[in-house]
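Each residue of the sequence shown is one higher than the last, beginning at 7 in the working numbering. Even for Gly, the Cβ is constructed at its ideal location relative to N, Cα and C.
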Amino acid sequence: MTTAGNDPRPGASGAETSFSALGLISQLTRAVADQGYEEPTPIQAKAIPAVLQRRDVMGAAQTGTGKTAGFALPILQLLAPQASISPSPARHPTRALILTPTRELAVQIEESVRNYGKYLPLRTTVVYGGVDIGPQMKILHGGIEILVATPGRLLDHLHQKSVNLSRVEILVLDEADRMLDMGFIPDIKRILSVLPPQRQNLLFSATFPDEVRKLAKELLRTPVTIEVAPRNAPPDLVSHQVHMVPAARKRALLGHLVRSRDMRQVLVFVRMKRDANRLTRELVRDGINATAIHSDRTQRERMQALEDFKQGKVPVLVATDIAARGLDIEQLPFVVNYELPHTPEDYVHRIGRTGRAGLPGEAISLVSPEETKSLEDIERLLKRKLPRAAPADYRRENPAEPRSHRSKTPHPARSHPVRPHPPRQQPAARPASPPGFDFSKPYEPAASAKTPVPAVPPPHRHRQQRPTAALLGGLPAKREPHK
Ligand code: AMP
């Protein structure tokens, strides 16, 4: 980050005006204007003033709502008065700690903080596992005001004494429900025990299962509660379709769908990383260009896979739930649940990948008889029955099919492989607004009590394409199931 003068540029944009109405200083309003933001999102409008008043915050919001700027901008402002241009590490104590469950989120957040803070002399960095700790230690030794971290790697740094958290004034727990799912709560408790007791705490979570509520209760002092709907998946923008199909026929059906629907960008979910590998190999063998992301692939491989997918070079990205968490893919038209997820909540997370940026999307689930119970669980959660597709005539397209079932004509994908293409121009047909579950609301398990959620915020007009480096990472391999 660099220093900058106090005055906003002449002819301040709408973004500067409306963000400054929230009390933000000019260095920050200029930075958000540079990002192309025209006005604060609902969570920003609520969170920024609350954080500036040094209130604790409990935010019910998913990634995609603009929550990062909701906490990052006021944190930068609160830290700004003591920002120093001195090179001495002692003048750059760690004063804000942002904990987040996955590498990709950590990287995205750090990148956002850097962008928003580019006119302030505050230092920020990110630490996450699965990479050499040495370079991270070196950066930490140099002094860092804002540290974004995944819990496991932060504990490593605490053990190595490469970071001192005794001066932390603000703690952010991001995606607390995901931290819980991933078993990070004990790590977080260990980290909390080394933080100064007097501090400001901000907790964000898409859902509030009992354990997250308990954590929130322990952590937050008279918090301001903020709830916003995700802007990604308004209820009438995602259509759902279920194909009842034997497991052995799924691959053929997927191939059929990709070809017959001319799917140029489809995110395919499987449960296990080994299945992601296998399906990817099989699709490629069938003539459909595909790539996989999961936590066993290297950072470089994941970034490459995502980049190829985003640029339209590879139309099919096969992912596990964990690897896909937090992916921000513009205008993703199709999500295919090749297998239903472990939990019905993950269905909601998965389909939140499509129907973004105000464009319609389709969530297509291939459900085998063994998965009927999972489908029922999802339908119970959504409070409606998902529409069943008519059986597809995909047999002739299946290269794995016994010869007697194959068409005499050459395999369409062999003669015309799915090609690289620009991002979709024509969104899928607009689906009917589904009754029952409201996708504009953060998912809430049935058991817990909940207050109503306000209306869906308007889509942003100036979203920035993220550098791919910001998007992948996930978890240490041990946390993702192999089987
Ligand atoms: P987040 O939920 O923080 O991950 O943000 C999701 C996306 O929204 C990111 O690509 C941000 O750059 C973008 N964004 C955040 N705030 C705004 C805003 N006020 N206007 C437009 N886009 C925004």
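query, result
"G293, DSSP secondary structure in three states", "coil"
"P48 Cβ short of 6 Å to the ligand AMP heavy atom set", "no"
"Given 8 Å, three or more beta-carbon pairs between the segment 129 to 147 and the segment 165 to 181", "yes"
"Given 8 Å, three or more beta-carbon pairs between the segment 120 to 134 and the segment 195 to 202", "no"
"Backbone CA spacing between A222 and P192 [nearest angstrom]", "14 Å"
"Inter-stretch contact at 8 Å, needing at least 3 Cβ pairs: the segment 225 to 234 / the segment 339 to 351", "no"
"6 Å CB neighbourhood of E175 in its chain, flanking five on each side removed", "R101 and R205"
"Sequence-distant residues of its chain with Cβ nearer than 6 Å to V342 (five each side left out)", "V272, V274 and I370"
"Given 8 Å, three or more beta-carbon pairs between the segment 93 to 100 and the segment 54 to 68", "no"
"L79 versus L285 - alpha carbon distance", "42 Å"
"Beta carbon of R394 nearer than 7 Å to that of V248", "yes"
"Which listed residue (Q59, P157, G135 and V38) has its alpha carbon closest to that of Y125", "V38"
"Contact check, P215 vs S374, beta carbons under 7 Å", "no"
"Minimum C-alpha distance to E377 - residue among G367, R306, R386 and L346", "L346"
"Backbone secondary structure at F190 - three-state DSSP", "coil"
"Candidates I328, A89 and P321: closest to F340 by CA position", "P321"
"K195 beta carbon less than 7 Å from that of L372", "no"
"Length of the line joining the Cα atoms of L5 and P107", "Nothing can be reported for residue 5, as the shown portion of the chain is limited to 7 through 489."
"The alpha helix (DSSP H) enclosing N121, as first and last residue numbers", "R109 to Y122"
"Per DSSP, cross-strand counterpart(s) of R394", "V248"
"Reduced DSSP category for V264 - H, G, I as helix; E, B as strand; rest coil", "helix"
"Contact set for L103: own chain, Cβ-Cβ below 6 Å, skip 5 residues either direction", "L153, V174 and L177"
"Same chain only: Cβ atoms within 7 Å of I150, ignoring 5 sequence neighbours per side", "H98, T100, R129, T130 and T131"
"Identity of the residue in L111, V230 and L105 nearest L161 by Cα", "L105"
"Cβ separation of T47 and G72, assumed to be a contact under 8 Å, to the nearest whole Å", "3 Å"
"Any non-hydrogen atom of the ligand NAD closer than 6 Å to G29 Cβ", "What this structure holds is the ligand AMP, not the ligand NAD."
"Option in G367, M269, H300 and A67 with minimal Cα separation from R109", "H300"
"beta-carbon G148 near the ligand AMP non-hydrogen atom, thresh 6 Å", "no"
"For L186, the nearest candidate out of I115, F77, R219 and V276 (CA to CA)", "R219"
"Complete beta strand (DSSP E) runs within the segment 52 to 107 (minimum length 3 residues, chain order)", "63 to 66 and 102 to 105"
"Closest residue to L209 among M188, G189 and R184 (Cα-Cα distance)", "R184"
"Strand pairing of Q206, partner residues [DSSP]", "I176"
"A396, buried or exposed, once every other Cβ within 10 Å from all chains shown has been counted against 16", "exposed"
"Q68 versus Q88: straight-line alpha-carbon distance, rounded", "31 Å"
"Reduced DSSP secondary structure (H/G/I, E/B, other) of T231", "strand"
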